[in-house]
Ligand SMILES: Cc1cc2nc3c(=O)[nH]c(=O)nc-3n(C[C@H](O)[C@H](O)[C@H](O)COP(=O)(O)OP(=O)(O)OC[C@H]3O[C@@H](n4cnc5c(N)ncnc54)[C@H](O)[C@@H]3O)c2cc1C
């Protein structure tokens with residue numbers, strides 16, 4: 136399915152108009168106070184954008200990933216930080232594809248209307264990092280309940296979410312053939328869990344991303360909160376990851392365009408040595424190079440999203456899009472710092488905040504090295520390196 140360009144443009148215009156109401160000062164203020172963009176997220180939800188990927192039968196907008204990419208790209212381009220709420224779009228993909236009829240009916244309409252916030256994805260652990268299949272959090276079946284013990288780190292938006300998808304081990308590592316077996320995915324009701332076996336500790340970090348450490352101490356959840364088949368959790372989580380990578384790549388494209396746009400304007404206005412700084416090739420060539428690299432990365436984002444919407448394999452494209460877009464946005468961020476000279480460091484120009492925010496995407500949700508490893512192994516057939 137290739138989306139209609141006019142429809143895409145209408146979505147772009149709609150999000151752009153919405154973002155005008157939440158200007159850069161709004162985001163700067165939140166960043167300074169380490170506050171959550173509650174009002175922005177409410178508006179985005181009310182106007183149906185965060186429910187873009189939920190089918191209409193569950194109250195969503197029934198759009199494709201191509202449209203969803205445009206929504207996040209525009210938020211980034213406006214100077215906002217969609218990382219504060221992007222997971223509401225894609226985490227539910229695991230519920231949609233693997234949930235029982237009862238789970239879908241229980242959760243998806245509420246997620247679509249915003250009365251249920253599914254903003255959190257609990258995978259990373261302090262001791263095992265990117266080696267996900269070695270994670271140590273365990274869920275032990277006891278009667279009609281699971282009892283969860285362990286620890287997670289860097290889990291974002293837990294304090295602004297009602298539900299979290301959690302990956303935990305249900306069969307010990309020494310009793311499975313492959314490390315990726317024996318893991319299960321659970322729907323955690325955070326309102327019930329916090330204070331009853333789950334402790335949440337916010338991490339003071341470089342960006343306003345609301346990430347936390349989680350400690351599970353005999354947290355009991357009902358067995359009906361298992362998502363999909365027991366021991367098949369790795370696959371269930373992976374199914375949301377291609378969407379996540381493509382959407383985050385689209386955010387990077389928006390970030391990159393934000394920096395190029397700022398740099399062009401400033402290079403035209405700022406006069407030193409009696410001429411605009413943008414008249415110097417040393418200033419204008421790096422801006423042009425960033426524009427070229429962003430447009431090239433955007434083609435890969437669109438290719439990945441189109442394959443995803445057609446239900447085709449898109450793992451390679453999703454990973455390549457995320458690598459290209461995160462490198463292009465980081466290059467643009469650094470370029471913009473250079474063009475603004477000393478003023479780049481003044482918070483009121485919004486460059487340093489976006490510079491910090493866009494850097495995240497070279498590390499999370501998966502670092503550049505592991506994308507290179509994926510392409511080397513799965514696209515080029517080289518031996519697995521990790
Ligand atoms: C702000 C923020 C928000 C996050 N939000 C979430 C979230 O909501 N949910 C969640 O589950 N996780 C989240 N994460 C975690 C994120 O996905 C991980 O930080 C990321 O996957 C890297 O894991 P790590 O930090 O443990 O790095 P490590 O796995 O310790 O790796 C450290 C470095 O070593 C490199 N490296 C390690 N092994 C190899 C190898 N074999 N070959 C080559 N290079 C290697 C890595 O590429 C990386 O550069 C978040 C992280 C941050 C910073």
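In this note's numbering, the protein residues as written are 136 to 521. Think of the CB as a built atom: it goes at the ideal place given N, C-alpha and C, for glycine as much as any other residue. A quick note: this is a predicted structure, and the numbers were derived from the prediction, not measured.
- For residue 173, the uninterrupted alpha helix (DSSP H) segment begins and ends at 173–181.
- Boundaries of the alpha helix (DSSP H) harbouring residue 242: 236–248, taken from the DSSP string.
- About 14 Å separates the beta carbon of residue 210 from that of residue 391, a gap too long to meet the 8 Å contact definition.
- Burial is judged here by how many other beta carbons sit within 10 angstroms of a residue's own beta carbon; residue 279 has fewer than 16 and is exposed.
- Below 8 Å, enough C-beta pairs join the region 379–387 and the region 427–437 to call them touching: three or more.
- Put simply, the backbone Cα of residue 265 is about 29 Å away from that of residue 189.
- For residue 375, the enclosing alpha helix (DSSP H) has its first and last residue at 368–404.
- Not one heavy atom of ligand 1 is found less than 7 Å from the C-beta of residue 285.
- In this structure, residue 484 has its CB at a distance of at least 7 Å from all heavy atoms of ligand 1.
- Cβ-Cβ separation between residue 255 and residue 222: approximately 7 Å, consistent with a contact (criterion under 8 Å).
- Residue 370 holds the alpha-carbon nearest to the alpha-carbon of residue 313 among 249, 370, 464.
- If you check the CB distance, residue 202 and residue 146 come in under 8 Å.
- Bounds of the alpha helix (DSSP H) holding residue 154 are 140–155.
- In the pairwise beta carbon analysis, the region 395–407 is classified as not touching the region 219–237: fewer than three pairs are separated by under 8 Å.
- In this structure, DSSP gives residue 448 a state outside helix and strand, which the three-state scheme calls coil.
- At least one heavy atom of ligand 1 falls within 7 Å of the beta-carbon of residue 289.
- Closest by C-alpha distance to residue 330, out of 350, 319, 345, is 350.
- Taking the C-beta atoms as reference points, residue 319 is found no nearer than 8 Å to residue 229.
- Of the residues 483, 378, 217, 499, the one whose Cα lies closest to the Cα of residue 443 is 378.
- Listed in chain order, the non-local C-beta contacts of residue 497 below 8 Å within the same chain comprise 461, 462, 465, 503, local neighbours out to five positions each way being set aside.
- Under the three-pair Cβ rule at 8 Å, the region 236–254 does not count as touching the region 471–491.
- In the DSSP assignment, residue 286 falls within the beta strand (DSSP E) that extends over 280–291.
- Boundaries of the beta strand (DSSP E) harbouring residue 320: 318–324, taken from the DSSP string.
- When distances are taken from the beta-carbon of residue 504 to the heavy atoms of ligand 1, the shortest one is below 7 Å.
- Bounds of the beta strand (DSSP E) holding residue 335 are 333–337.
- Only exposed fits residue 341, as fewer than 16 other CB atoms lie within 10 angstroms of its CB.
- In the DSSP assignment, residue 256 falls within the beta strand (DSSP E) that extends over 253–257.
- Rounded to whole angstroms, the gap between the alpha carbons of residue 467 and residue 239 is 41 Å.
- Around residue 382, the same chain offers 200, 203, 204, 207, 221, 224, 225 as residues with beta carbons nearer than 8 Å, after the five sequence neighbours per side are excluded.
- A distance below 7 Å between beta-carbons, with the five flanking residues on each side excluded, links residue 517 to the following residues of its chain, in chain order: 511.
- Within the same chain, and ignoring the five residues on either side of residue 212 in sequence, the residues whose Cβ sits closer than 7 Å to its Cβ are 389, 392, 393.
- If you draw a straight line from the Cα of residue 347 to the Cα of residue 335, it comes to about 6 Å.
- Membership of residue 166 in the alpha helix (DSSP H) is indicated by the continuous run 159–168.
- In the three-state DSSP reduction, residue 270 falls in the coil class, being neither helix nor strand.
- For residue 222, the enclosing alpha helix (DSSP H) has its first and last residue at 222–225.
- Taking 8 Å as the upper bound for CB-CB distance, residue 454 and residue 372 are not in contact here, some 16 Å apart.
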